[in-house]
Structures are given as C-alpha cells and as structure tokens.
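Note sheet for the following structure.
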Amino acid sequence: MSRTFARHTLDGADVRAALLELVVRLGHLLRRRGQAARGLTLTLRFAGGARWDKTRRLPEASAHDDDLRALVYRLMDAAGLQRGRLTGIVLRGEDLVDAGQVAQQISLDRAREARLVAEEVSDRIRAKFGPDVIGPAGIFRHVS
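Rendered as structure tokens:
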C-alpha cells in the first residue's frame, strides 16, 4: 500500500491520517485474502530522494487494524521526524501466513472484541459498496 503526497508535507496530523488509511487498506486486503502478517515494513520517501525503511515484527501474526496501527505508529515514532518533508509513504505486510494458522486468543477485553466485530461489519460494507465508503474518522481529515 502506498500514499504519495501532492505537496511535500510537514504536517504530522496529515501523515498520521495517511498512515491510518494505509493500515485500514492493508488490514482489509489481508482479511479478504485470508492472510495475516507477522511483520510490517514502513518506507518514508523524502524531498530530495532520500528514503527511510524500517521493518518490525508483530507480537503475533495479525490482520486486525488495531494491531497493525499500533506497530505502524511505533515505526513512525522510531523515524524521529522533526521537520522532514515527506513525499510518500509505503506500508507492506511481511512474512504473510494463512489466517487459519493464527491462534485465536480468548479475550476479556470487551472494547477490543467490539472493535473486531465492527471491523467485520466494516469489511462487509466495503465488499458491498466499495473500499472507501467507511473507515476511521481520522482518514477523512486527510484530503488529497
């Protein structure tokens, strides 16, 4: 999944919105394919042609937006951007496995369980009406 900025951006909120959009798209793609990622690679492209790449593993293979988002935000924080002018972002799932091979943990976290149910409903809505009809509010802050 990739996102190119129309203008070089310094705005952290726009970058987070773009990251969230990529996470949602990647999570949906993985779930649709019946896959889960064991890791993620984040690539940042800067004005002038420089690149920054970082790969990290997830604690457990996952295709869930919350798990992917938490790791992507940690990767972004590790980049330590101060005033870097970004031109694009690339997010890749790494070391993909069949989702049926991923152990299902019993959770007592009601909020997480509610988010997973909402994720399933969102996936059904996307399948019926298109990928851009529903998503986190933070995505819609971001305007190309």
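At the far end of the sequence shown sits residue 1563, using my numbering, and the numbering has no gaps. Glycine included, C-beta positions come from ideal geometry on N, C-alpha and C.
Is the beta carbon of residue i sitting closer than 8 Å to the one on residue j?
i	j	result
residue 1545	residue 1558	no
residue 1511	residue 1460	yes
residue 1441	residue 1508	yes
residue 1505	residue 1463	yes
residue 1436	residue 1455	no
residue 1434	residue 1555	no
residue 1534	residue 1485	yes
residue 1453	residue 1476	no
residue 1483	residue 1519	no
residue 1450	residue 1542	yes
Ends of the alpha helix (DSSP H) at residue i?
i	result
residue 1431	1431-1452
Under the three-state reduction of DSSP, which class applies to residue i: helix, strand or coil?
i	result
residue 1494	helix
residue 1562	For residue 1562, the pLDDT reaches just 45, beneath the cut-off of 50, and the residue's location in the model is therefore unreliable, although a value from the coordinates is still provided. Of the three classes helix, strand and coil, the one that applies to residue 1562 here is coil, per DSSP.
residue 1487	helix
residue 1499	coil
residue 1522	coil
residue 1554	coil
residue 1469	coil
residue 1482	coil
In the DSSP assignment, find the unbroken beta strand (DSSP E) run with residue i in it and report its ends.
i	result
residue 1537	Looking at the DSSP string, residue 1537 is not in any beta strand (DSSP E); the run it does join, the alpha helix (DSSP H), is 1529-1548.
residue 1516	1505-1517
- Spell out a yes or no on whether the stretch 1491-1500 and the stretch 1537-1551 are touching, meaning 3 or more CB-CB pairs, one atom from each, closer than 8 Å. Contact between the stretch 1491-1500 and the stretch 1537-1551 is absent, with fewer than three C-beta pairs closer than 8 Å.
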